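Chains as they are written, first to last, in full-length UniProt numbering: chain A, 1 to 154; chain B, 1 to 154.
Notes for the one structure printed next.
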DNA sequence: CCAATTAAAGAAAATTTATCTACATGGACA
DNA sequence: TGTCCATGTAGATAAATTTTCTTTAATTGG
C-alpha cells in the first residue's frame, strides 16, 4: 500500500466510471501496473464495491432523521428483532450501537414528516424502547462516501 | 420514471460494475433502451456519480464518532469558518444543520481515540462552540448508500 | 375503429475499452 | 554482480460501450 495505491483509491472514491487510460494517467502509472493494483486492492477487499449514488431529492427523499434509541431490554431477542427490522427497512441507511446516552443510532431517509411518522409507528411496533428521540436534519452541509486515506499504515 | 428506471437504479445502487448485458437482462430490457435510460438518468441528475466504496478497517478507520455541536454565535462568520473546516477535513464525511437540541451534527471517521482527540483539538480551535458532545459508535450494524426507491413520485 | 404519428424497443454493426500475456527494462538490495 | 520486484511497452483477444438503423407498440385525431 504505497503512494500509487493511495492515488488509485483517491480517484476511484471520487469517480469509478473513468477509463483505465484516464486513471493511469492521473495516477502516474502505465495501464498494466495500474490495472494489476486495482485487481489486488479488490482481492484484498480494500475496494469493497462500486456503486451508483443517487440524488436523494430526485427520488423524493427530502428528510433525513437521526433516531436515538434507548432500551431497558438487554436480551438477545430484543436485539434480533431490531436488527431484523433495520435490515429490511430501506429507509434505514445507517445503524450503530453507541456508547453513552443513546444505545442505538439510526439514520433514516424519508420524503417528509408524514412518511417519517409512518416509519416511526412501524419502528416502535417492532420492539420496545425506553426512549426514542428523533433529530431532524434541516440542511445537509456535507455528504461524502470518500474516506480519508491519510491514516493508512505504512 | 417507470418500473424499468427503478429496476435500473436498484441494480446500479447495489453494483455499478456489472456490464450492460447483465444489467439489461436483470432489468428485462434489451441493451439499447437500457443504455439510453441510464444516460437519461445521469443527465437528469438522478444518478449523481459512480464511486468505489472502501473497507474502512482496511484503510485504518476503525472509529466512527458522531459529534453534536451547539453554538451561541449565530453570525455568518462563525458558520463560514465551520463550513470551511468541514469542507477540507476528510475525516468529516457527513455534516448536518439540525433542529432541536444540537445545532450541527458531524459524522467523523478516524483510526482510534488518539486520532479523534487530535481531530477534536483542531475542530475546537477552528471556531467557538458552547457545547461539543461526542458519541462513539461501538459497532456498525448497517451502512448502506442504497436509498429506498419506494417513494418515487408517479 | 382505423390510419397517421410518435415514442420506445430491439437487432446488429462499429468503435472503444478492458483484460490478460509475454517480454524487456531498471532500480533495490543482499 | 546477480537476483528479485515492479514497471513499461506492445500486442492479442475478448468484452463492453455507443451508434445506426429497423421494428414494434402506444397514442391521437379524424
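Backbone N, C-alpha and C define an ideal beta-carbon position, used for all residues, glycine too.
Remember, it's a predicted structure, so these values are computed and weren't measured experimentally.
{"Asked": "Interface partners of residue 122 of chain A on chain B, CB under 8 Å", "Found": "The premise fails here: residue 122 of chain A is roughly 13 Å from chain B at the closest Cβ pair, so nothing lies under 8 Å."}
{"Asked": "Spatial neighbours of residue 27 of chain A in its chain, beta-carbon cut-off 8 Å, leaving aside the 5 residues before and after", "Found": "4, 7, 8, 11 and 34"}
{"Asked": "Between the CA atoms of residue 23 of chain A and residue 125 of chain A - distance to the nearest angstrom", "Found": "49 Å"}
{"Asked": "Cβ neighbour criterion (16 or more within 10 Å) applied to residue 107 of chain A", "Found": "buried"}
{"Asked": "Proximity to residue 90 of chain A [Cα-Cα], best of A/73, A/123 and A/79", "Found": "A/123"}
{"Asked": "Residues near residue 103 of chain A in its chain [Cβ-Cβ closer than 8 Å; skip 5 each side]", "Found": "69, 70, 71 and 97"}
{"Asked": "Chain A contact for residue 45 of chain B (CB, 7 Å cutoff)", "Found": "yes"}
{"Asked": "Beta-bridge partners of residue 134 of chain A, as assigned by DSSP", "Found": "A/67"}
{"Asked": "Exposure label - residue 50 of chain B; buried when at least 16 CB within 10 Å", "Found": "buried"}
{"Asked": "Where residue 72 of chain A meets chain B, residues with beta-carbon distance less than 9 Å", "Found": "Within chain B, no residue comes near residue 72 of chain A; the closest Cβ sits about 18 Å away, beyond 9 Å."}
{"Asked": "Cutoff 8 Å; reference residue 61 of chain A; Cβ partners in own chain excluding five residues on either side", "Found": "109, 110 and 111"}
{"Asked": "Per-residue burial, residue 37 of chain A [other beta carbons within 10 Å of its own, 16 or more giving buried]", "Found": "buried"}
{"Asked": "Amino acids of chain B, ordered along the chain, whose beta-carbon sits closer than 8 Å to that of residue 84 of chain A", "Found": "Within 8 Å Cβ-Cβ: nothing; residue 84 of chain A doesn't reach chain B, min ~11 Å."}
{"Asked": "Pairwise C-alpha distance: residue 19 of chain A and residue 121 of chain A", "Found": "46 Å"}
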